[in-house]
Ligand code: HEM
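Protein chains in written order, with my numbering: chain A, 1 to 531; chain B, 532 to 626.
Below, the structure is given as structure tokens:
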């Protein structure tokens with residue numbers, strides 16, 4: 001970080017000390033603020049996950065009571081979803097790299113960008129307060145389903161308000177990114193010369209803009225219903241509980257594309273660099289992001305197959321769910337084809353990426369098991385679902401997030417981590433991950449329901465394997481963060497372009513100067529100039 | 532776009548729009564009293580949409596904006612229409 005040349009760390013803004021960070025409108029600083037906050041929350045939620053696994057090491061009560069377990073999985077889910085994986089790649093790395101990739105000085109609305117971070121932090125604080133006030137931590141599951149969320153005495157109202165604030169933050173980020181891409185591309189940066197990560201952020205931005213307000217309204221309705229018993233969702237007052245599920249998933253399903261699209265963008269960025277090949281099917285990848293974003297709006301009903309929807313709706317939603325697998329499949333095939341006959345250099349970013357492709361494919365394909373009407377009845381609400389979404393969100397998005405952290409680390413800090421240690425961490429993560437979650441597919445298939453602190457004795461051996469997996473996984477997480485944090489301060493100096501990348505962010509110095517580029521870059525060709 | 536050049540001519544348009552909005556409000560009230568049965572809601576929604584469009588086009592200057600912005604707004608409205616459509620579709624045939 002203490003490179004002698006001028007960079008954004010040693011360029012003074014209007015404020016000094018901590019204020020030069022928390023009041024900064026520099027997209028790079030805001031990105032780092034997000035990353036710090038997100039990974040802190042992530043570690044808290046990982047700890048909760050570990051505790052849950054510990055509880056499940058034997059049937060009956062081991063380390064916590066049933067009500068505590070209910071609160072723990074709820075808080076784990078809320079943190080992982082709303083504080084970690086949804087802001088995730090866009091707010092953290094997207095903030096840092098979108099302007100760099102398209103040759104801009106900053107995002108279109110730097111102050112709104114800062115404000116969105118403040119909304120994010122306020123939402124997080126409100127959620128934190130909700131855990132210790134009123135009736136205590138919510139125990140509804142991260143989905144806040146009615147009627148239980150209306151009846152429970154826990155502090156649902158405040159927690160939901162926190163999530164509402166997070167929604168505002170996410171919407172602002174979306175508006176900012178879409179506008180930035182429309183307005184601030186460098187001269188010559190035509191749409192089809194844009195790096196695929198930027199394309200992915202564009203698609204994500206639209207999903208954030210269009211879907212998040214629905215969540216905000218739904219949560220406000222829930223709060224109103226709790227406070228004033230209006231009768232929106234309560235059948236005894238003429239309300240409809242299914243309406244809540246509809247509204248909730250109208251946001252929360254597109255939200256899984258807010259999580260996965262940027263991850264896919266990262267992967268499309270890393271593969272060409274480490275296989276020294278131009279990406280195969282650039283336009284198809286770009287368009288499939290848009291297609292996923294669009295069709296992704298129309299599949300929310302597949303979370304509600306067993307909730308009492310009409311048969312015709314179920315068939316329609318199931319059909320649409322199968323359709324959305326097509327563009328995802330296109331991407332996977334394109335990535336693999338891009339590596340074909342490449343000069344593959346299996347550095348840690350690519351290792352994480354390959355792990356992503358493997359784990360995400362399992363997550364995606366088991367998604368079709370959930371999406372088919374007949375099998376859904378069997379697996380709904382079981383550990384099969386828990387395994388499926390950890391494979392997509394953790395094995396998918398979080399692994400891509402880690403890949404991106406390693407890929408862009410030298411650009412962000414001007415230093416390099418220890419490569420061997422990074423690979424070791426990745427291997428621990430990969431093995432631990434599969435040992436932790438694969439047994440859950442079998443458990444679920446055999447009928448183990450989700451969200452229970454107890455189980456029948458015959459499930460114990462698989463549960464124990466899963467718990468052991470969680471320890472291996474956490475070892476990987478610890479090694480990875482140790483390596484990265486240590487290297488921020490003590491890593492060797494990295495050059496401006498250690499990987500030989502060909503997108504614009506690699507043409508400026510590491511870490512970049514406050515204005516990103518010495519002079520405005522002029523773009524003359526596509527993003528991936530390899531064989 | 533170019534606001535200053537045209538703003539004087541616009542005042543008349545704004546007033547005309549405002550009168551239209553008032554007239555449409557009066558119409559909504561009248562229709563509400565006419566007991567149109569299940570078409571009542573439909574009529575109100577239609578009138579409300581016309582009003583919203585007037586506001587968007589004239590007060591919010593959409594009429595004078597580029598095609599891109601118009602397309603973005605229309606796309607957004609279309610998405611919401613589809614979402615509402617799919618939700619109501621379920622309610623309509625559930626029982
Ligand atoms: C060390 C890592 C992790 C461990 C040990 C872990 C473990 C668990 C366990 C045991 C459950 C509860 C299953 C049940 O009783 O139904 C759970 C639920 C959940 N996890 Fe994780 N998890 C981890 C990481 C993640 C990550 C990275 C994400 C998302 C990005 C995530 C998202 C969720 C969600 C959304 C739920 C559902 C909560 C609910 O039912 O309301 N987890 N996890």
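Heads up, the beta-carbon is just placed ideally off N, CA and C, and yes, glycines get one too.
Source: prediction; values computed, not measured.
query = Of the residues that make up the stretch 539 to 553 of chain B, which ones have a beta carbon closer than 8 Å to any beta carbon in chain A?
reply = none
query = Roughly how many whole angstroms lie between the Cα atoms of residue 613 of chain B and residue 57 of chain A?
reply = 46 Å
message = Does chain A have any CB closer than 8 Å to the CB of residue 576 of chain B?
response = no
ask   = residue 617 of chain B CB to nearest chain A CB: under 8 Å?
value = Yes - at least one Cβ of chain A is within 8 Å of the one on residue 617 of chain B.
task = Would you please verify whether the beta carbon of residue 614 of chain B is less than 8 Å from any beta carbon of chain A?
result = yes
ask   = Where does residue 283 of chain A sit, in a helix, a strand or coil, going by DSSP?
value = helix
request  = Please confirm whether residue 417 of chain A and residue 510 of chain A have their CB atoms less than 8 Å apart.
outcome  = no
ask   = In chain B, which residues lie with their C-beta within 7 Å of the C-beta of residue 250 of chain A?
value = 614
ask   = How many angstroms separate the CA atom of residue 20 of chain A from the CA atom of residue 28 of chain A?
value = 12 Å
message = Distance check for residue 454 of chain A and residue 60 of chain A, CA to CA, integer angstroms please.
response = Their backbone Cα atoms lie some 5 Å apart in a straight line.
Contacts that residue 556 of chain B makes with chain A (C-beta to C-beta distance below 9 Å) = For residue 556 of chain B, no chain A residue has a Cβ inside 9 Å of its Cβ, as the nearest lies near 25 Å away.
key: Inter-residue Cα distance where the pair is residue 212 of chain A and residue 358 of chain A   = 30 Å
query = What residues of chain A sit near residue 620 of chain B, judged by a beta carbon separation below 7 Å?
reply = Around residue 620 of chain B, the beta-carbon contacts reaching into chain A at under 7 Å are 313.
key: C-alpha gap between residue 169 of chain A and residue 603 of chain B, whole angstroms   = 21 Å
query = Do you know offhand how far residue 165 of chain A's Cα is from residue 121 of chain A's?
reply = A direct Cα-to-Cα measurement between residue 165 of chain A and residue 121 of chain A gives close to 9 Å.
query = Residues in its own chain within less than 7 Å of residue 371 of chain A by CB, not counting five upstream and five downstream?
reply = 302, 318, 321, 322
request  = Tell me whether residue 520 of chain A is buried or exposed, calling it buried when 16 or more other Cβ atoms sit within 10 Å of its Cβ.
outcome  = exposed
query = Distance, Cα to Cα, residue 413 of chain A vs residue 315 of chain A?
reply = 51 Å
request  = Could you tell me whether the Cβ of residue 586 of chain B comes closer than 8 Å to any Cβ of chain A?
outcome  = no
message = Is residue 452 of chain A close to the ligand HEM? I mean its beta-carbon at under 7 Å from any heavy atom of the ligand.
response = yes
query = First and last residue of the alpha helix (DSSP H) that includes residue 205 of chain A?
reply = 196 to 228
request  = Using 7 Å as the cut-off, classify the Cβ of residue 84 of chain A as near or not near the heavy atoms of the ligand HEM, replying yes or no.
outcome  = yes
message = Check whether the stretch 393 to 408 of chain A and the stretch 303 to 312 of chain A are in contact - that is, three or more C-beta pairs closer than 8 Å.
response = no
ask   = CB of residue 265 of chain A to nearest heavy atom of the ligand HEM: below 7 Å?
value = no
query = Would residue 624 of chain B count as contacting chain A if we go by Cβ distances under 8 Å?
reply = yes
query = Using the C-alpha atoms, what's the distance from residue 523 of chain A back to residue 601 of chain B?
reply = 29 Å
task = With a threshold of 16 other CB atoms inside 10 Å of the CB of residue 517 of chain A, please say whether the residue is buried or exposed.
result = buried
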